[in-house]
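Chains as they are written, first to last, in the numbering used here: chain A, 11 to 383; chain B, 11 to 383.
Built from N, CA and C at the ideal position, the CB exists for glycine as well.
Input: a single structure, listed below in structure tokens.
2 protein chains.
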Amino acid sequence: MGSIGQVTPQQMHFAEPLPLKSGARLADYTLVYETYGTLNAAKSNAVLVCHALNASHHVAGLDERGAVGWWDNLVGPGKPLDTDRFFVIGVNNPGSCFGSTGPMHVNPATGRIYGADFPVCTVEDWVDAQARLVTALGIDRLAAVVGGSLGGMQALAWTLRHPQRVQQCVAVATAPNLSAQNIAFNEVARRAIVTDPDFHGGHFYEHGVVPKRGLRVARMIGHITYLSDDAMEQKFGRELRAAELGYSTQEIEFQIESYLRHQGDKFSEYFDANTYLLITRALDYFDPAREHGGDLARAFAAARQNRFLLVSFTTDWRFSPARSREIVKALVDNRIAVSYAEIAAPHGHDAFLLEDPRYHGVMRACFEGLRDV
Amino acid sequence: MGSIGQVTPQQMHFAEPLPLKSGARLADYTLVYETYGTLNAAKSNAVLVCHALNASHHVAGLDERGAVGWWDNLVGPGKPLDTDRFFVIGVNNPGSCFGSTGPMHVNPATGRIYGADFPVCTVEDWVDAQARLVTALGIDRLAAVVGGSLGGMQALAWTLRHPQRVQQCVAVATAPNLSAQNIAFNEVARRAIVTDPDFHGGHFYEHGVVPKRGLRVARMIGHITYLSDDAMEQKFGRELRAAELGYSTQEIEFQIESYLRHQGDKFSEYFDANTYLLITRALDYFDPAREHGGDLARAFAAARQNRFLLVSFTTDWRFSPARSREIVKALVDNRIAVSYAEIAAPHGHDAFLLEDPRYHGVMRACFEGLRDV
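Next comes the structure, spelled out in structure tokens:
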């Protein structure tokens, strides 16, 4: 298997406002994206990769700073999503903090940084923005749309909003909506950010500060939910940082504390607080069954022409296999072609980012089986 | 079943310093306690109830403000822990914020409020303090020591430190130590408190402020872990507060958010931040196997003369049944008399506070079976 090597992100500007589900509009905006592989003459081999909370358009290869893409183990020459065959697109969603128009940019209507005034985006809004990019790239129909976690929700939403524009949906470690517990974790993280005095109602940019305390706590909470109980136990257990206990309430005693603090510190250095609020809200809001009286099968009636692969991981307690099975049932109820793999993996939700041979085998088989490409 | 009625808390002062596991000492201190029922002439019918994080000496009956004790459904005339037969003692642990000497009191050594300087207490230290109170009440041997969650750890520790002073140990919804995930949740909560600018390094009393933001977040995190995923789904699901979505990142959209914020607000009004740090640390540190090379069975060799009842709840993901089974195994390895009940209950960790007929039936049978009382 080869490597993609250095990748340069591209930009596309959209002058026409994007109508949002909330009723608001996103004024002219820019999307940052990367592509890997070559678009064929028929423009039939394009695969869109949708990102989750803490990721971007940089899916594979090396960026200018040498950072490896977040799904590089999946996407590349000879890899399961083979760039020798497919033209893969990674796009950063509006509202993110990795290049596309987001809360840290200037609101053209006011000349002021958006901050908390950036319009609330939903998964469906992102998908519409992605569809415009796909159109601008001259692609009528995607061979596949792929995503994990929140990215999986986007992959699902493609089949509901633009079913004729995608052949295969690959949704990994995802859910048809958030549970009360999922929303609860998001809400605690948001409260930590919003109540940080440095948040300044979401207009901290003007004050030259960043609500790092809140971001750290938010990330620590998130991190706990990404890992399985067992994986955390295996990796850290009750291991102490020093040889002996220090009997302190504020100093680090256990390795897990050190790890979590480090994750929180790193995250607070680069992630935008308003983006965190926006993205967790998009997660909360996703609920395709809602407009169909809570009937998920009715929601997926729109996707009768699509094919689906769902993958879940046994130790994922954030989006458990039971949540994927709800989607599978809704598809089966519609007699829609769906494959489902429940992978026994110890890593929890994070498993979707890791290179498990059975998981990647399933993904490879799915992409190899794509017809008319 | 009758009611205990109004209860007046009592106080006992201890002039002799309490040596702590950390090597420090707690200078003269006061314990607040309540008793229910009557101590018999042989002083053989005393049962000590140990409290968990957010509780106190006020176990049963009504306090001066009419508040019902936290385990009133278990303790009273004709109730499973029958005060017509037993003399029940509830005691507030040092370091708490409900009356016994704690961080909000004056350090006699400095004349200044303890704050963050209050010495770190362990479960074992609390048990030693409780043992002194029991002695002062003229009781040589307890018929039973009972507790849930952190209180269960204290009940276990009694059999390790003072095995000859207790007949029956009843440990509900507890664990032989915290897992990495348990410690992780505690650590996030502590970071939320410690990084609140109003914490002032734990000396906020002098500044006339309280780190309410941190306490709110800490409580919200805790609350999520007390409830089962299913119970939360059943109670709140994705129910909205208003008829329609408001598309806001900061306003409440879902009922679960409203509930959690309310819990956080209430808690921040009465709970002490330093107490939160101290109690979560006591949880982290509890690990009786540690001094025996990680061998829990060797730790419990000290408790050969005791009898045990362990109870766990199927949906408790904080201290899961598997953790109780570790304790049961360590006891069985020592041929110690142990009963174990795994109760199918939907409420998660909080089940230990609720009135489940099977759970209370097991508790009643245990107390009824106590001999030589």
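Asked	Found
Check Q178(A) in the structure and name its three-state DSSP category.	strand
If you count every other CB in all the chains shown that lies within 10 Å of the CB of M11(B), and 16 or more means buried, which is it?	exposed
Give me the residue from A62(B), F329(B) and N196(B) with the minimum Cα distance to C107(B).	A62(B)
Would you tell me roughly how many angstroms separate the C-alpha atoms of I337(B) and A355(A), rounded to the nearest one?	28 angstroms
Output needed for H213(B): all residues of its chain with C-beta closer than 7 angstroms, excluding positions within five of it in sequence on either side, in chain order.	G125 and A126
May I ask you to report which of helix, strand or coil DSSP gives L306(A)?	helix
At the level of alpha carbons, what is the spacing between V59(A) and R200(B)?	38 angstroms
Can you confirm whether the region 103–120 of chain B touches the region 183–195 of chain B when touching is taken to mean that 3 or more C-beta pairs between the two stretches lie within less than 8 angstroms?	no
Is it true that the region 165–178 of chain A meets the region 307–322 of chain A, where meeting means three or more beta-carbon pairs spaced less than 8 angstroms apart?	yes
In the region 198–220 of chain B, which residues sit with their C-beta less than 8 angstroms from some C-beta in chain A, listed in chain order?	V198, R200, R201, A202, V204, T205, D206, P207 and G212
Would you kindly report the start and end of the unbroken beta strand (DSSP E) that includes T40(B)?	Y39 to Y46
Alpha carbon to alpha carbon, what distance is there between A154(A) and P29(A)?	25 angstroms
Pick helix, strand or coil for E134(B), following the three-state DSSP scheme.	helix
Whole-angstrom Cβ separation of G4(A) and A202(A), contact assumed at under 8 angstroms?	Shown here, chain A extends from 11 to 383; a query on residue 4(A) therefore has no answer.
Give me the chain B residues within the contact set of N187(A), using Cβ-Cβ distance strictly less than 7 angstroms, ordered along the chain.	R248
Check whether the Cβ of S190(A) lies closer than 8 angstroms to any Cβ atom in chain B.	Sequence check: residue 190(A) is Ala here, not Ser. Chain B contact via Cβ: present.
Here's the rule: buried if 16 or more other CB atoms are within 10 angstroms of the residue's CB, otherwise exposed. What is D89(B)?	What sits at residue 89(B) in the sequence shown is Lys, not Asp. Buried, by the Cβ-count rule.
On a CA-only basis, which of I266(B), S238(B) and L160(B) is nearest V198(A)? Give me that one, please.	I266(B)
Would you mind telling me which residues of chain B sit closer than 9 angstroms to E261(A), beta carbon to beta carbon, in chain order?	Here the premise fails: no neighbours, minimum Cβ distance about 10 angstroms.
If you run the structure through DSSP and keep just helix, strand and coil, what is N55(A)?	coil
Which same chain residues, not among the five before or five after G109(A), have their C-beta less than 6 angstroms away from its C-beta?	V42 and N102
When DSSP labels each residue in this structure, what does A153(B) get in the three-state scheme?	strand
For the alpha helix (DSSP H) that Q191(A) lies in, which residues bound it at each end?	A190 to V204
Under 8 angstroms, Cβ to Cβ, is there at least one residue of chain A near M373(B)?	no
Counting only Cβ pairs nearer than 8 angstroms, list the residues of chain A close to V227(B).	V198, R201, A202, T205 and V227
Have a look at W168(B) and A292(A) and give me their C-alpha separation to the nearest angstrom.	50 angstroms
Determine, for H194(A), whether the minimum Cβ-Cβ distance to residues of chain B falls below 8 angstroms.	For clarity, residue 194(A) is Ala in the given sequence; the question names His instead. Answer yes: the Cβ-Cβ gap between A194(A) and chain B drops below 8 angstroms somewhere.
Put M114(A) into one of helix, strand or coil per three-state DSSP.	coil
Buried or exposed for Q178(B), please, with buried defined as at least 16 other CB atoms from any protein chain shown within 10 angstroms of its CB.	buried
From S322(B) to G157(B), what distance separates their C-alpha atoms?	12 angstroms
Kindly identify the DSSP beta-bridge partner or partners of P29(A).	R35(A)
Run through chain B and tell me which residues come within less than 9 angstroms of E243(A), C-beta to C-beta.	S189, A190 and Q191
Does DSSP put F362(A) in a helix, a strand or coil?	helix
Taking 8 angstroms as the CB-CB limit, is Y257(B) close to chain A?	yes
Got a sec: is the Cβ-Cβ distance from I337(A) to anything in chain B below 8 angstroms?	no
Under the three-state reduction of DSSP, which class applies to L319(B): helix, strand or coil?	strand
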